[in-house]
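For reference, the structure is listed below as structure tokens.
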Amino acid sequence: MRETGLEPQLIGGRNGIFDVRLDGQLVFSRWDSGRHAEPGEVVAALRALLEG
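Taken in order, the sequence shown gives residues 2 to 53; the numbers are from this note's numbering.
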């Protein structure tokens, strides 16, 4: 991802699971939220974690 300098890794799942983790910390979960991420939402959450 150009915005964060991170290299994403895709891990296959089932049942429409879409989780984003950074160093094991859950950043976004479609399952938990019951919705798809809004455009830019995941990048903004990652950026916030990286900037501390």
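A virtual CB, placed ideally from N, CA and C, is assigned to each residue, including glycine.
Note that the coordinates shown come from a computational prediction; the quantities given were computed from them, not determined experimentally.
With DSSP collapsed to three states, give me the class of Leu51. Helix at Leu51.
Could you give the residue range of the alpha helix (DSSP H) that holds Asp33? Under the DSSP assignment, Asp33 falls in the alpha helix (DSSP H) whose first and last residues are Arg31 to Ser34.
Would the beta-carbon of Leu47 fall within 8 Å of that of Val28? With respect to Val28, Leu47 sits close: the two C-beta atoms are nearer than 8 Å.
Identify every residue that forms a DSSP beta bridge with Leu23. Gln26
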